[in-house]
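Please read the structure below before turning to the comments.
Number of protein chains: 4
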Amino acid sequence: MLRTANDYINSLRDGRIIYYKGKKVEDVTKHSILGVTVKHASDLYALQTDDDYAEITVTEDEKYGKISRFYHIPHSAEDLNKRFDLIYKTTEYGRGIFNIIKAIGSDAIFALMISSARVDKKYGTNYSSNIANFYEYVVKNDLALAVAQTDVKGDRMKRPSEQKDPDMYLRIVDRNEKGIIVRGAKAHSTQAAVSNEILVIPSRNMLESDKDYSVAFAVSPSTPGLKMISKPVKSVEDSLSDETLVIGLNNAESETVTIFEDVFIPWERVFLAGEWDYAGLTAVMFPTFHRFTAIAYRSAMASLILGLSKLLADSNGVFGASHIRRDIVDLIMYKETLRSAGISAAYKGVKDITTGVFTPNTIYTNAGKLLANTHYTDIIRSAVDIAGGIMATLPSSMDFKNPETSNLLKKYLAGAKGDVEDRFKLMNTLRYIISSLNALFTTAMIHAEGSIEASIIELSRSYDYTNDEALAKYASGITSKINEPRNERD
Amino acid sequence: MLRTANDYINSLRDGRIIYYKGKKVEDVTKHSILGVTVKHASDLYALQTDDDYAEITVTEDEKYGKISRFYHIPHSAEDLNKRFDLIYKTTEYGRGIFNIIKAIGSDAIFALMISSARVDKKYGTNYSSNIANFYEYVVKNDLALAVAQTDVKGDRMKRPSEQKDPDMYLRIVDRNEKGIIVRGAKAHSTQAAVSNEILVIPSRNMLESDKDYSVAFAVSPSTPGLKMISKPVKSVEDSLSDETLVIGLNNAESETVTIFEDVFIPWERVFLAGEWDYAGLTAVMFPTFHRFTAIAYRSAMASLILGLSKLLADSNGVFGASHIRRDIVDLIMYKETLRSAGISAAYKGVKDITTGVFTPNTIYTNAGKLLANTHYTDIIRSAVDIAGGIMATLPSSMDFKNPETSNLLKKYLAGAKGDVEDRFKLMNTLRYIISSLNALFTTAMIHAEGSIEASIIELSRSYDYTNDEALAKYASGITSKINEPRNERD
Amino acid sequence: MLRTANDYINSLRDGRIIYYKGKKVEDVTKHSILGVTVKHASDLYALQTDDDYAEITVTEDEKYGKISRFYHIPHSAEDLNKRFDLIYKTTEYGRGIFNIIKAIGSDAIFALMISSARVDKKYGTNYSSNIANFYEYVVKNDLALAVAQTDVKGDRMKRPSEQKDPDMYLRIVDRNEKGIIVRGAKAHSTQAAVSNEILVIPSRNMLESDKDYSVAFAVSPSTPGLKMISKPVKSVEDSLSDETLVIGLNNAESETVTIFEDVFIPWERVFLAGEWDYAGLTAVMFPTFHRFTAIAYRSAMASLILGLSKLLADSNGVFGASHIRRDIVDLIMYKETLRSAGISAAYKGVKDITTGVFTPNTIYTNAGKLLANTHYTDIIRSAVDIAGGIMATLPSSMDFKNPETSNLLKKYLAGAKGDVEDRFKLMNTLRYIISSLNALFTTAMIHAEGSIEASIIELSRSYDYTNDEALAKYASGITSKINEPRNERD
Amino acid sequence: MLRTANDYINSLRDGRIIYYKGKKVEDVTKHSILGVTVKHASDLYALQTDDDYAEITVTEDEKYGKISRFYHIPHSAEDLNKRFDLIYKTTEYGRGIFNIIKAIGSDAIFALMISSARVDKKYGTNYSSNIANFYEYVVKNDLALAVAQTDVKGDRMKRPSEQKDPDMYLRIVDRNEKGIIVRGAKAHSTQAAVSNEILVIPSRNMLESDKDYSVAFAVSPSTPGLKMISKPVKSVEDSLSDETLVIGLNNAESETVTIFEDVFIPWERVFLAGEWDYAGLTAVMFPTFHRFTAIAYRSAMASLILGLSKLLADSNGVFGASHIRRDIVDLIMYKETLRSAGISAAYKGVKDITTGVFTPNTIYTNAGKLLANTHYTDIIRSAVDIAGGIMATLPSSMDFKNPETSNLLKKYLAGAKGDVEDRFKLMNTLRYIISSLNALFTTAMIHAEGSIEASIIELSRSYDYTNDEALAKYASGITSKINEPRNERD
């Protein structure tokens, strides 16, 4: 049953333990900073009854009736296209800030459906039914979800079981009839602090020695032993004193270090517990779905930066200059190459035989994501080149309100065309993106959903070289026909 | 009616005037060098009856029966996908050398169908029926076509009518009841020397002062007054003394400077003659189709370079090294981003209302092409980095035949695995690509189907900024809702 | 006579009009935010008596005795090397924040010495003696200087005299026996608010129609009619609540929009007034000196980012990984290519014949600066890639003080080696650089001392192609000897 | 005593065994292709008595009188500057083709002087006097030298002693009182076929198990058991039929696979034989000198490509276009960054304490070389972008001689200005560089003097991070003063 924004907000007052800048947060929904992250998440619920958005955010399910479209299991390219659109449009609605609270959890559920079926097949476990039940629980209650994957990792060159402190990767410290006890910490869990359930999955492939680290489960943030320490949400803090910064006043997400001090998880919420040879599968299935999600929200972010740059080029009167055109095209290329990767990932997706879940094409998903990683700083350079130096050295919006300075600013900050205060707002927003939001945006673009190197390794491994090699051998005269050997992918 | 390879070859003995390295070519089909370009083109005919290729090269047409699939007018995304596949696979068959002889002409015909309809509507001309009749003539006779678009241009900063010598852009010097007389020269017309008809179209937009330069028509290469001067086909010349260079021995295309010394063109073969305000449309519609074609053949070329690089990485035993993996992924990204652009260009294509011709999406087509332009030299750097220095300083295949040196080479040129002569062939082929083929490949990748700057201008002009600007204004607090104004593209 | 830090600070209490975030600043030296920019500038005075720095910051002048080394007029490559070192080391002392207050003014004075001599020669003016007297005044009183060059510009595609509002470039609105009256606004004048004199110079070349805009002079910030509106100094504001952010607590500079409401300038402080054909020379001589300065301070900034990255690579235990090595080398290349440009600019500098002032080599200065412009965002990408995602999602320093979370953070944020709080500080500092400082750093790196396009135009114009063309003609067989024609530069 | 060109040429008729394209070469000086490489090398001798070049190619030595300046041991920055100039100017004289025959050998001798002193100190060997005697022999007889360093390597991931075939790295197979017996093959030894002595040195660091591979010596090409198999010198072959290609008709070098079939080396020519812990030192000292040489010749190559591009931009009438200016500046940046690295490497060089040999600065040398490696394909892209498509599809010079086509070409290939045949020559030369010379140039730029990865490893290892780390700690508040710890490099 679909919840309202208020239903969702009320559900967060459950005793969860959150810290923010050295203080315990009494009620996250009323916190001056984290409250914005609650408001932002609640928008996804509000949109379900918004005339303009209901059609894309809600769908009719045979079994459950009206459900959130995020929780519709994809069975076709068309389903993936709609999912892309849903993520793109809700990110636009969030003024370029992704709204993760249903997307990431469903990405993880779809991945766990596929991986659980394989684990069950080998080990006779019943993880498939656990994840199916959990899915039903989520859909029926229209829950908000977070995912905690990345461990804190200590020495990055060592495996989980090789670390000096054995808790640097989350692990099972005990197990009994009712469930397992886990200890460890997950880094940067987005919106965990404002979620109803956190899905915890392994962050890498494992060896037998890493058995205890091969664990996946779902847990409520209010479970005893679970503590979340939030990063300072700079983008909200910076906007409090400037009413023109509407992004920070309305849209934000928080990340927490999520710490498990011997937390109990009942068996029915466990999806992997020691089957080390499947940790890698879980670790890799989730990113395939989530990177597809990433391509969608990142192209909406790119749209924002492109739009600001285009309007500022007009405002500066330089849109026709050759070097500015080149900058603009850099931005177009970034946005549209992401979108193109999304289209191809959907149309060339693959249906999982056992579960029927339709998975985005790995190559296009990773290729799109890798482009997004490696070129984000390039589009920032292009946007800054277009905006001009004044963007960074601009007075504040308060100077527009002071009668002693307001007319001077209106006179001297005028551009080639357009209203001068609108011009200020566009520049101020771009300044905000490359300052208040920049640590998040740049780092997320480079690391979120897996690092650059991770994507390079994934692409070089999963790519099927058969046809390229066949062509090379044929063109080198080693074979006399192109189609030996040959597969059907190309 | 489908022709055989021999039908096609015989059709070229028609008195056409071709020069090669200072000499007139008596019979192009028997010329030691240009003969290879004939052979290469004839393969497209041979494939029509080849069991492995007939299905993709031939299609059943309601009106004309079995026709070349190249001449099937696209009416849907699926048609474009099949066309992409057709070009990709015939390029593979040509060992990475594109086979242009039916692709480019059909690209031009589709473009002229659309543009002619618009010219006719304004001017009451009958170009639509001219191009329709010409199309029927081509299909029925299964002709080989070339396109001549780029003028020699003289001073690139001046318009056609501003040049010191008025003939630097091809122009109408006279017109009478029966037709027009044209003079000028078109640079680098690929395979014009071995075509049955050459389609001539304007290379840029025109002003009223450039009226006489606004001309499009079809002409047979044997028409009096038409002379073609070929470039030296280095890739064939270099292979003659090395039997291991199977590419050059089998697959090549030539470019000619195609000179019109007052050539008469009858009205029924004219598709534009003075309607200067439509020269730009023709100049821009053709590239949209042809750049889609380019993305297809370039991804096949990229596949060849990727395949060679992968096999050489294995042969050198370095596939696992991190920096080599990065090189390999550069190659994968290049190839697959092109392919992804092709997929998106097809699925997001647009049907022309008047003619029903389905046109590839402009943004994805140009974005793919621009990536191909700007990153080709990067993949060469990656391939060379993988192959190692030995690739360039390698002895010749003849040294493998000399008993005094053969065993020494077999001993010392052995790699980590694989047959040493195969290893030599792979290196020799890559060396051939970056030497004998390099002037063509690099220049074509940067300039063919329009220069880098041309694509940048096209993208910045044709891109619809409405939604990006709407998002920027909304996120900057200038508007309070995202969807004002708004279009439906995104 | 050298001043103390206190002398300098006291000199700023002179009634100057400054606005900050909508409020008039009573006493800049006591302002909670701008006070840090005063403190930072005053360090240059304090260092003059610091044992470790006196040798590099003070020099003995024949005429004036002990003077600031910034005000030593360069006469040799060695002088430029020492100047580079002076700027580099004082930037290091400022924790990577450039200390502009003596560097930029001396850059402008050196440039005005050269340009004034040429103006005087043509027009019989006495600007040379004006700038010489001003120089003496500055040296004797050990003054702090700012430069105001960039006009607010309105429509960037229009010349000064073509703007709708004639005040979009600063101009002479009246002149009389005693001096001139100027009106207009200069954008982003660094540290003007805490300077003793502001040097105002033209921002571009002029035509005769722009005569009134061709003006250069010096003016005290307390002159009637002069108003400065500061940008919000985010880097200081953000550090106030976090005692670990020592950069923002100690080191910062402000930029102001500096507005001239009909300000009177006496003739003895004027260095150009209507000689429009020399506006361009002034506009271009200053950047040559100032870009040399920029190369020096930017290589110190790069050193900071390199140092943080290296320590974080060690802390993460990933220094040995191939892709991390590549990132580290990106950072080394950036820093050392800048330094190398500085070395070459000094050793290949040129002595101005009339004045004896030794000018940095234009090509190496601009090449170094262009590299700094275009690759800054690349090193940020490399630094972020090394640091890892946790850098952006890190809790705050306050969480290390809260006993409920402190031990958890110490346990879970431990790296491969080193103290965990030091690790936090390094990450927090890098986060600060890519957020609080990022709008300034990125924009300054791309626009300060002239935009990317400005450097490209300057390089393509000032480069001497003679020898390259001679080589090309010789190697193409057009000439038979390399040395015809030939110059001696290479 | 200085030799004449004829002395040198005659010295090559000594029974040396060379193979070229499957045939044994009877007399290398008379060989139709390799003869050009002899002629090119002999130019270095001819220049010693050329009025324009004697001053830079010859110097007066205290001990030996007039000697080749290449063999002057550098003792100061000034010596390195002159050496840079010598290499640059002789490369210009060679029409952009480096003339290696004295440069590389002296690079190796300087390196061996330094390394031998250290080996002798530890092992009591007398390699220092061996290399000193060899140096005297070279200087007195004005010899031409080659260096053979890179082994054929087999499986690149395995050490010498781990290879399946133990001969994949050159090794000592026997030793006796008189000398050592060596077996193995060195890849791509430039100009070994036309040298008087070949210096053989290890290609990597070694472990004790690689003892027999730790060997350095000098050997005459006519020594029994030594065989050289040349690569086909495409650049010469391609020019034979085109008299306008003056580069290939006059200037070329060959590379050989140089095979040692149990060759005897007397002890007095041995500089390392089993002292495995010094193999790495030798392997790394030589590149330092040789990469400095590389920066010099590569900047001359870059000058050629820049000159051609500039003249073609003028010829096309596009020099003023913004995107062409950007291309031109890419070329300027490439050339001048290399030159700047050379200047800095000289001025910041270091004197070896024991031998007094002045060594180029490692960081600037490697940084310059790495830029040359990674950006060569970029300047080719820029040059091709400037030249336009016609460059690749141009007819041949023979078509200018055929009266039937000559006037047509002169009319239609005319540019914006300049003689049309000169225009053709410039284009033809650039086409030649990106085809006939391209496999060599591109591969050499990426691999010669060490691969990209080798430079990255070298830079990340040899760079001194002390000051950068000190700054990072200070700016992060970990230390309170910048100068703890601290070294004096910066």
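Residue numbers (the numbering used here), protein chains in the order written: chain A, 1 to 490; chain B, 1001 to 1490; chain C, 2001 to 2490; chain D, 3001 to 3490.
No residue lacks a Cβ here, since even glycine has one placed at the ideal position from N, Cα and C.
Predicted model, so just to flag it, every value in this text is computed and none were measured.
Looking at residue i: is its Cβ nearer than 8 Å to the Cβ of residue j?
i	j	result
ASP3419 of chain D	SER3382 of chain D	no
ARG2003 of chain C	THR2029 of chain C	no
LEU3226 of chain D	VAL3200 of chain D	no
ALA2346 of chain C	PHE2084 of chain C	yes
In angstroms, rounded to a whole number, what distance separates the CA positions of residue i and residue j?
i	j	result
ASP490 of chain A	TYR1088 of chain B	Confidence is the limiting factor: at ASP490 of chain A the pLDDT is only 40, short of 50, which leaves the residue's position unreliable, though a coordinate-based value still follows. C-alpha separation (whole angstroms): 9 Å.
ASP3238 of chain D	ALA1392 of chain B	16 Å
PHE271 of chain A	ILE265 of chain A	11 Å
ILE67 of chain A	THR190 of chain A	23 Å
LEU2394 of chain C	ILE229 of chain A	9 Å
ARG3204 of chain D	TYR2297 of chain C	38 Å
PRO462 of chain A	THR288 of chain A	The sequence shown places Ser at residue 462 of chain A, not Pro. Approximately 12 Å between the Cα atoms of the pair.
TYR2020 of chain C	ILE386 of chain A	26 Å
LEU1207 of chain B	TRP1276 of chain B	6 Å
Could you work out which residue in the options is closest to residue i when comparing CA atoms only?
i	options	result
GLY450 of chain A	A:TYR347, A:PHE358, A:TYR297, A:ALA283	A:ALA283
SER1011 of chain B	B:MET1228, B:GLU1197, B:ILE1482, B:THR1244	B:GLU1197
GLY2164 of chain C	C:VAL2173, C:ILE2172, C:LYS2153	At residue 2164 of chain C the sequence reads Lys, which differs from the Gly that was named. The shortest Cα separation from LYS2164 of chain C among C:VAL2173, C:ILE2172, C:LYS2153 belongs to C:LYS2153.
SER1076 of chain B	B:ALA1475, B:VAL1357, B:PHE1292	B:VAL1357
SER1115 of chain B	B:ARG1069, B:ILE1033, B:THR1359, B:LYS1348	B:THR1359
MET2285 of chain C	C:THR2377, C:ARG2118, C:LYS2082, C:THR2337	C:ARG2118
VAL1036 of chain B	B:ASN1250, B:SER1436, B:ASP1277	B:ASN1250
THR1223 of chain B	B:PHE1319, B:THR1479, B:GLU1261	B:GLU1261
Would you list the one or two residues that DSSP bridges to residue i?
i	result
ARG3171 of chain D	D:ARG3183
TYR3020 of chain D	D:LYS3023, D:SER3230
LEU3145 of chain D	D:GLU3197
ILE456 of chain A	In DSSP, ILE456 of chain A forms no bridge with anything.
GLY3065 of chain D	D:ASP3061
(message) Pairs of beta-carbons, one from the region 1139-1158 of chain B and one from the region 1105-1123 of chain B, closer than 8 Å: are there three or more?
(response) yes
(message) Could you check whether the region 1044-1062 of chain B touches the region 1116-1136 of chain B, counting it as contact only if at least three pairs of C-beta atoms, one from each stretch, sit closer than 8 Å?
(response) no
(message) I want to know whether the region 3297-3312 of chain D touches the region 294-312 of chain A - three or more CB-CB distances under 8 Å.
(response) no
(message) With three or more beta-carbon pairs closer than 8 Å as the criterion, would you say the region 3367-3374 of chain D touches the region 3444-3459 of chain D?
(response) yes
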